[in-house]
Amino acid sequence: MPRPEQLKERIEAAIPDARVEVTDLTGGGDHFRAKVVAPEFAQLSRIEQHRRVYAVFGAEIGGPIHALSLETRAE
Amino acid sequence: MNDTTENPIRDAISQAIGEHEVILFMKGTPEQPMCGFSARTAAALEALGKPYAAVDVLPDPRIRQELSAISDWPTIPQLFVGGELVGGCDIVTEMYESGELAQVMGVEPPKDAPAEAPEAAEPGAPPLQIDNKLA
Chain X
610 MPRPEQLKER IEAAIPDARV EVTDLTGGGD HFRAKVVAPE FAQLSRIEQH RRVYAVFGAE
670 IGGPIHALSL ETRAE
Chain D
919 MNDTTENPIR DAISQAIGEH EVILFMKGTP EQPMCGFSAR TAAALEALGK PYAAVDVLPD
979 PRIRQELSAI SDWPTIPQLF VGGELVGGCD IVTEMYESGE LAQVMGVEPP KDAPAEAPEA
1039 AEPGAPPLQI DNKLA
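Residue numbers (the numbering used here), protein chains in the order written: chain X, 610 to 684; chain D, 919 to 1053.
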């Protein structure tokens, strides 16, 4: 079962200088919410920003990570 | 996309996205959403009062697979306007609250539309009408 800290670490490892907060929405270990602030988002549309974060987890989204709600911005 | 492969489900999805100005792929139906995120997204569209097409992805897992292959977006719901992916629940909610959603849909928000995106059932909670009974 993924833990919020693991998700946070993986996003931070994949996106340079990202500041990440992850919360478990239900306490069940499968519905998460992440706030991600990253400099590289300045060049990306909102859709692309979300895709970038989803891509960190690939097929785990919809699998073990049932839902990952996102709030992203550049700075 | 590989046009030489016969893929009727993918073709049907692409066609539906092309034919409907506003189309929402969701879990369940607007009347009976089966997921809090789908409920919230449908509720935002309802609040703007513009008719939209809705497709329930639950009856066949291939709908979701093929949709995500087309859109490069892993989760449900997905809202398309004018053939373009607008986003999922988070983006639609943000855009509703900033007024951008009404803008991309080409409508004036109704006077009685709430400023904040209407809440729906919590993720994983029972369908929306259960929530309504509590109101």
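Just so you know, even glycine gets a beta-carbon here, dropped at the ideal spot from N, CA and C.
Check A1031/D in the structure and name its three-state DSSP category. coil
Does C926/D come out as helix, strand or coil in the three-state DSSP assignment? Correcting the residue identity first, residue 926/D is Pro in this sequence and not Cys. Reduced to three states, the DSSP call for P926/D is helix.
Contact list for T993/D against chain X, beta-carbon separation under 8 Å: Y663, I670, G671, A676, L677
Counting contacts by CB-CB distance shorter than 9 Å, is P1045/D in contact with chain X? Since pLDDT at P1045/D reaches only 41, below the 50 mark, its modelled position is unreliable, and the value read off the structure follows with that caveat. For P1045/D, the answer is no, since every Cβ of chain X falls outside 9 Å of its Cβ.
Output the distance between the C-alpha atoms of Q996/D and I988/D, rounded to the nearest integer angstrom. 11 Å
Under 8 Å Cβ-Cβ, which residues of chain D neighbour R660/X? D990, W991
Can you tell me whether E669/X is helix, strand or coil according to DSSP? helix
Smallest Cα separation from E684/X: which of F641/X, F650/X, E618/X, T635/X? F650/X
Cutting at 8 Å between CB atoms, please list the residues of its own chain near L634/X, excluding the five before and the five after it. H640, F641, R642, A676, S678
Identify the contact partners of E680/X in chain D, using a Cβ-Cβ distance below 7 Å as the criterion. D1008
Counting only the same chain and skipping the five closest in sequence on each side, list residues whose C-beta sits under 6 Å from that of P1044/D. Reliability of the predicted coordinates at P1044/D is poor, the pLDDT of 41 falling under 50, and no value is obtained from them.
Report the residue from P926/D, M1023/D, E984/D, N925/D whose alpha carbon sits nearest the alpha carbon of F943/D. E984/D
Thinking C-alpha only, which one of E669/X, F666/X, H659/X is nearest R682/X? H659/X
To the nearest whole angstrom, what separates the beta carbons of A1031/D and A965/D, a pair I think is in contact under 8 Å? 5 Å
Relative to the alpha-carbon of P992/D, which residue among A664/X, P673/X, E680/X has its alpha-carbon at the smallest distance? A664/X
Taking 9 Å as the cut-off, decide whether the C-beta atoms of A972/D and I994/D are in contact. no
Counting along the chain, where does the alpha helix (DSSP H) carrying R982/D start and finish? 979-989
From the DSSP output, which residues share a beta bridge with Q1113/D? Residue 1113/D cannot be examined here, being either before or after the span of chain D that is shown, 919 to 1053.
If you reduce the DSSP assignment to three classes, tell me which class V975/D lands in. coil
Per the DSSP calculation, S638/X is bridged to which residue(s)? Correcting the residue identity first, residue 638/X is Gly in this sequence and not Ser. DSSP, once it has assigned bridges, lists no residue as partnering G638/X.
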